[in-house]
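One structure is given below, encoded as structure tokens.
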Amino acid sequence: MSGGPTILHADLDAFYASVEQLLDPSLRGVPVAVGGSARGGVVLAASYEAKVHGVQGGMPGWRAARLCPGLVFVRGHFGRYQELADRVMRVLGDYTPVVQRISIDEAFLDVSGSTHLFGPPAAIGARVRQRVRGEVGLPISVGAARTKHLAKIASQVAKPDGLVVVEPEGERQFLDPLPVSLMWGVGPVTERRLADRGIRTIGQLVEEPGPALERLLGKATGATLHALALNEDPRKVTGPGRAGSVGAQSALGRRAPTPELVRSVLSHLAERVGGRLRAKNRAGRTVTVRVRFAGMRSVTRSHTLEVPVSATLTLTEVAERLVWQAIRDQGAAVDITLLAVSVSNLVRQEAVQLELPLEPEDPWRPGSPAGSARWALDRSMDAARARFGRDAVGYLPATVRRDAGVPDAFRELAERDL
DNA sequence: TCTGGGGTCCTAGGACCC
DNA sequence: TCTGGGGTCCTAGGACCC
1 MSGGPTILHA DLDAFYASVE QLLDPSLRGV PVAVGGSARG GVVLAASYEA KVHGVQGGMP
61 GWRAARLCPG LVFVRGHFGR YQELADRVMR VLGDYTPVVQ RISIDEAFLD VSGSTHLFGP
121 PAAIGARVRQ RVRGEVGLPI SVGAARTKHL AKIASQVAKP DGLVVVEPEG ERQFLDPLPV
181 SLMWGVGPVT ERRLADRGIR TIGQLVEEPG PALERLLGKA TGATLHALAL NEDPRKVTGP
241 GRAGSVGAQS ALGRRAPTPE LVRSVLSHLA ERVGGRLRAK NRAGRTVTVR VRFAGMRSVT
301 RSHTLEVPVS ATLTLTEVAE RLVWQAIRDQ GAAVDITLLA VSVSNLVRQE AVQLELPLEP
361 EDPWRPGSPA GSARWALDRS MDAARARFGR DAVGYLPATV RRDAGVPDAF RELAERDL
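In the UniProt record's numbering, the protein residues as written are 1 to 418.
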């Protein structure tokens, strides 16, 4: 067991925005927002020049424009993001085989077996930053510490474009003055609950007894936070885990839920979800839909089938019934603003789709063509799309709806490996 | 002026089984 | 005749993360 700071967390700074500044030198030193516009949409990422004015990812474009006069909106080169991030990950892999990528732009590294080759963790962190800047052209921050939680906090503190190493003797001194919001698992709600009790720093959190925290935040959150504050974090750096669910969603603006609209949107979503499942030889038994109504209230409805499914038409039909159930449960006629479809309870599904028969009395029983025939049809359409392009074939409602929303390339960036 | 899209995990109640 | 308790699955909602 090593007691040194052998876990590194490497995190590209303002990743999408930094890539735009790399590709277009006229954007360097300028406040940049990727996605959205001054009139609408949402900002997906902001450069540091924009962040100092309070612009953040997820913020409506009009608000960002108001906060930051002179903000430049760019559409985004989504194809390049994956390519550049992959190059960065290859640099990280030069220093240890134990790299756990947790999103497109960040990863944990365990360098305990590498120090005899590359020197102490601080030297490895510095070398990584230098190479990513020199070979890829992007700024990256690195934190090094004894645990994943501490390393991640260290990289946040190091931003932008910095390196922070926390030696074991200095952990408490480092952690105690920091705000609780830097901890993993503390979002806006938990932050407020803690603040209501006068707890704002990690040092104050340590003073709070574990049982008191569990009463305040719930058993799991309370226990986890207590342990993390005390620097007890047993998690190891591992490979990527398999996804437990696959979903897709689409924001609609504000629309009356007509049968045509619901059918066409769900068709599109089911095609995305089913296609990803089939591409990885997977299928799932539980179909969940989410409907967001005007006013941001959203509800979910789910149904668990007897057998796993991945056929687009079956997913569409089950989702459709669930969506109407959710809308009916609302009572009054309300506009909808988003539909989502997700499939969980996943299993491997090799060559054959064992989708039939469902019991005849099952109200969710798909009509004809039979499930296995649907699956075979989907497979041949998947193949045609692979050869001739995404729009070559498809169920009519899905092809009708090639909306002008977020580009598919952006959606793909967020997908997890199945 | 009205908010994207991909996920994970936890809680709590009810059904059901042993 | 009356009673208990544990485990698992399903459903709905919510907090959180990138």
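Each residue gets a CB set at the ideal place from its N, CA and C atoms; glycine is no exception.
Candidates the options: closest to residue i by CA position
| i | options | result |
| --- | --- | --- |
| Ser372 | Gln330, Gln325, Glu412 and Ser310 | Ser310 |
| Val237 | Pro60, Asp408, Thr147 and Glu49 | Thr147 |
| Trp132 | Asp110, Asp94 and Ser298 | Note on residue identity: the sequence assigns Val, not Trp, to residue 132. When each option's Cα is compared against that of Val132, the closest is Asp94. |
| Pro120 | Ile7, Leu252, Gly40 and Val273 | Ile7 |
| Trp184 | Gln156, Phe15, Pro177 and Leu313 | Gln156 |
| Asp335 | Arg292, Val32 and Gly57 | Arg292 |
| Ala279 | Ala144, Gly203, Val307 and Asp378 | Asp378 |
| Ser342 | Thr316, Gln325 and Gln349 | Thr316 |
| Ser103 | Gln130, Gly61, Asn345 and Gly239 | Gly239 |
| Val98 | Leu194, His9, Ala85 and Tyr16 | His9 |
| Phe73 | Thr224, Asp24, Ser112 and Phe118 | Asp24 |
| Phe410 | Trp375, Arg75, Gly222 and Val318 | Arg75 |
| Asp408 | Ser264, Met381, Gly79 and Arg200 | Gly79 |
| Arg235 | Leu150, Leu313, Val32 and Leu22 | Leu150 |
| Arg66 | Gln82, Pro31, Ala85 and Thr286 | Pro31 |
| Val52 | Gly29, Ser37 and Ile199 | Gly29 |
| Gln330 | His303, Leu213 and Arg297 | Arg297 |
| Leu313 | Arg172, Val273 and Ala326 | Val273 |
| Pro259 | Trp324, Gln349 and Glu208 | Trp324 |
Limits of the beta strand (DSSP E) - the one that residue i falls within
| i | result |
| --- | --- |
| Thr6 | Element bounds for Thr6: n/a, residue is neither H nor E. |
| Asp110 | Glu106 to Asp110 |
| Thr304 | Ser298 to Val309 |
| Ile102 | Val99 to Ser103 |
| Ala227 | Ala227 -> not in any beta strand (DSSP E); alpha helix (DSSP H) instead, spanning Lys219 to Ala229. |
| Gln249 | Ser245 to Arg255 |
Span separating the alpha-carbon of residue i from that of residue j
| i | j | result |
| --- | --- | --- |
| Ala248 | Glu415 | 9 angstroms |
| Arg255 | Val262 | 10 angstroms |
| Asp417 | Val91 | 21 angstroms |
| Asp161 | Arg127 | 13 angstroms |
| residue 424 | His226 | With the chain running from 1 to 418 in the structure shown, residue 424 is simply not present. |
| Val164 | Leu175 | 12 angstroms |
| Thr115 | Glu135 | 22 angstroms |
| Ser141 | Thr337 | 37 angstroms |
| Pro188 | Arg301 | 26 angstroms |
| Gln56 | Glu167 | 32 angstroms |
| Leu109 | Ser18 | 23 angstroms |
| Val400 | Ser380 | Residue placement at Val400 cannot be trusted, given a pLDDT of 40 that sits under 50; what the coordinates show is reported in the next sentence. Rounded to whole angstroms, Val400 to Ser380 spans 20 angstroms at the Cα level. |
| Pro308 | Ser344 | 9 angstroms |
| Glu271 | His303 | 18 angstroms |
| Tyr81 | Pro211 | 44 angstroms |
| Gly253 | Arg39 | 14 angstroms |
| Asp382 | Ala243 | 21 angstroms |
| Arg192 | Ala158 | 25 angstroms |
| Leu269 | Glu350 | 23 angstroms |
Where the alpha helix (DSSP H) containing residue i begins and where it ends
| i | result |
| --- | --- |
| Val19 | Phe15 to Leu23 |
| Thr316 | Thr312 to Asp329 |
| Val157 | Lys148 to Ala158 |
| Ile124 | Pro121 to Arg131 |
| Gln82 | Phe78 to Gly93 |
| Leu163 | Not the alpha helix (DSSP H): Leu163 falls in the beta strand (DSSP E), residues Leu163 to Val165. |
| Glu49 | Tyr48 to Lys51 |
| Pro188 | Pro188 to Asp196 |
| Gly61 | Gly61 to Leu67 |
| Glu171 | Glu171 to Leu175 |
Residues that DSSP places opposite residue i in a beta bridge
| i | result |
| --- | --- |
| Arg272 | Per DSSP, none; premise fails for Arg272. |
| Phe293 | Ile336 |
| Phe410 | Per DSSP, none; premise fails for Phe410. |
| Ser141 | Asp11 |
| Gln204 | DSSP, once it has assigned bridges, lists no residue as partnering Gln204. |
| Leu346 | Gly284 |
| Phe73 | Ala33 |
| Ser114 | Note: Ser114 sits in no beta bridge, so no partner. |
| Ala45 | Val34 |
| residue 419 | Past the edges of the chain, shown from 1 to 418, lies residue 419, and the structure says nothing about it. |
| Val341 | Ala248 and Val289 |
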